[in-house]
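Per the working numbering, the sequence shown starts with residue 17, numbered consecutively. Reading through the structure tokens given below for one structure.
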Amino acid sequence: MALKYSILDLATIVKGDDINKTFQKSVQSAQLAEKLGFTRYWFSEHHNFPNVASASTSILIGHIASQTKSLRVGSGGIMLPNHSTLSVAEQFGTLDGLFPGRIDLGLGRAPGTDMLTATALRGNNFNPNYNFEFHIKELQKYMSKENSGSKVRAIPGEGADVPFYILGSSTDSAFLAAKLGLPYAFAAHFAPSQLEVALEIYREHFQPSEFLDKPYVMVCINIIGADSVDEAHYLSTSHFQAFVNILTDQRQPLLPPEETELTDISDEVALHLNRMAAKTFVGNKETLREKLSKFVKDHRPDEIIVSGNIYDFDKKSKSYEIASEVIKSL
Numbered sequence: 017m018a019l020k021y022s023i024l025d026l027a028t029i030v031k032g033d034d035i036n037k038t039f040q041k042s043v044q045s046a047q048l049a050e051k052l053g054f055t056r057y058w059f060s061e062h063h064n065f066p067n068v069a070s071a072s073t074s075i076l077i078g079h080i081a082s083q084t085k086s087l088r089v090g091s092g093g094i095m096l097p098n099h100s101t102l103s104v105a106e107q108f109g110t111l112d113g114l115f116p117g118r119i120d121l122g123l124g125r126a127p128g129t130d131m132l133t134a135t136a137l138r139g140n141n142f143n144p145n146y147n148f149e150f151h152i153k154e155l156q157k158y159m160s161k162e163n164s165g166s167k168v169r170a171i172p173g174e175g176a177d178v179p180f181y182i183l184g185s186s187t188d189s190a191f192l193a194a195k196l197g198l199p200y201a202f203a204a205h206f207a208p209s210q211l212e213v214a215l216e217i218y219r220e221h222f223q224p225s226e227f228l229d230k231p232y233v234m235v236c237i238n239i240i241g242a243d244s245v246d247e248a249h250y251l252s253t254s255h256f257q258a259f260v261n262i263l264t265d266q267r268q269p270l271l272p273p274e275e276t277e278l279t280d281i282s283d284e285v286a287l288h289l290n291r292m293a294a295k296t297f298v299g300n301k302e303t304l305r306e307k308l309s310k311f312v313k314d315h316r317p318d319e320i321i322v323s324g325n326i327y328d329f330d331k332k333s334k335s336y337e338i339a340s341e342v343i344k345s346l
């Protein structure tokens, strides 16, 4: 079966853009993705990040779905502890009603923010011992046809055709995805250290379910492509600066390459940066084909989810084109 490829969009705010411009760029990117044969276009829920505008994930999903025709659109993911399961069922049931057969629901258990903001989001519902599995099953119940006789029903949501995906960056999520028989999407674009062992666990412990008869592995990686290797490395400095900003808690919009400062970082930050960026692939078509061919051989994903921060929108679009061409050739 041909390797599928998709996009993760954080609705990244670049220096000089406002929120409206950011969302316009997401629409243009999704429309390009549809033309290039990408399977799905996901948004990830983040809060209190000055360079990320995807906090109201389900609203963005609806907007992008309305501006495209066949592209699957969804969450990569909804951070379930931040929401009641009933409200998620209603939101994604509404999306499915508006765009039948095109909505994905990726679920994560991280807060998608700092703990102070997570506490503000959840209010009195903050629970440090959150039971992710229990709430996934509760959400599945609300979205099942069998819940029609319940006193509490998700309308819209009940019987919606919305597949679930488990997101993760650790072995815990791999065990859970395997136990529930759901597709597994690993966040190697920022936390690649446990990729190999997590995929091994998922495949080894997978239990067939009504949703899936065999493991389905999705891996999110960063791909920054350009016509030349030198140009790709130049463009990638914005991406690496964004990583450094996370590590040093310097929150700001995405900077252009000429304003990045990567030469003066400490050895400790450089060490963490190298770990975070281990699955960041930079180059032209030829070098990317070589690197990604090895990656696919080593990890055997069913689908690659493409991420990566590039300041210049035209260059980012070109990178998507290169990624599409390279992955299709693998």
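Don't be surprised by glycine CBs; every beta carbon is placed ideally from N, CA and C.
Taking the Cβ atoms as the reference, His255 lies roughly 6 Å from Gly324, within the contact range of under 8 Å. Take the alpha-carbon of His79 and the one of Phe59: they are about 12 Å apart.
The alpha-carbon separation between Lys344 and Ile326 amounts to approximately 22 Å. For Thr101, the enclosing alpha helix (DSSP H) starts and ends at Thr101 to Leu114. Per DSSP, the unbroken beta strand (DSSP E) holding Glu319 starts and ends at Glu319 to Ser323.
For Val233, the uninterrupted beta strand (DSSP E) segment begins and ends at Val233 to Gly241. For Asp188, the enclosing alpha helix (DSSP H) has its first and last residue at Thr187 to Leu196.
With contact defined as three or more Cβ pairs closer than 8 Å, the segment 97-108 and the segment 134-146 are in contact. A Cβ-Cβ separation of about 5 Å places Asn67 in contact with Leu270 under the 8 Å criterion. When the alpha-carbon of Val260 is set against those of Phe54, Ala194, Glu277 and Leu26, the nearest one is in Glu277. The three-state secondary structure of Ser42, taken from DSSP, is helix.
The beta carbon of Thr73 is closer than 7 Å to those of Phe59, Glu61, Ser91 and Ile94 in its chain, skipping five residues each way along the sequence. Rounded to the nearest angstrom, the gap between the Cα atoms of Glu319 and Cys236 is 9 Å.
A straight line joining the alpha-carbon of Leu24 with that of Val168 spans about 33 Å. A check of alpha carbon separations from Glu174 across Ser103, Arg305, Leu211 and Lys51 identifies Ser103 as the nearest. For the pair Leu287 and Phe297, the CB atoms are not nearer than the 8 Å cut-off. Put simply, the backbone Cα of Tyr158 is about 13 Å away from that of Phe180.
When secondary structure is reduced to three states using DSSP, Val260 falls in the helix class. Taking all protein chains shown into account, Leu123 has 16 or more neighbouring C-beta atoms within 10 Å of its C-beta and is therefore buried.
Rounded to the nearest angstrom, the Cβ distance from Ser252 to Ile240 is 5 Å, consistent with a contact under 8 Å. DSSP places Tyr327 outside any beta strand (DSSP E), giving it a letter other than H or E.
Looking at the backbone, the Cα of Ile171 and that of Glu106 are separated by about 6 Å. Secondary structure of Thr84 (DSSP, three-state): coil. If you draw a straight line from the Cα of Pro199 to the Cα of Leu228, it comes to about 7 Å.
The beta-carbon separation of Ala201 and Met234, rounded to 4 Å, stays under the 8 Å limit for a contact.
Residue state for Phe148 is assigned as helix, using DSSP reduced to three classes.
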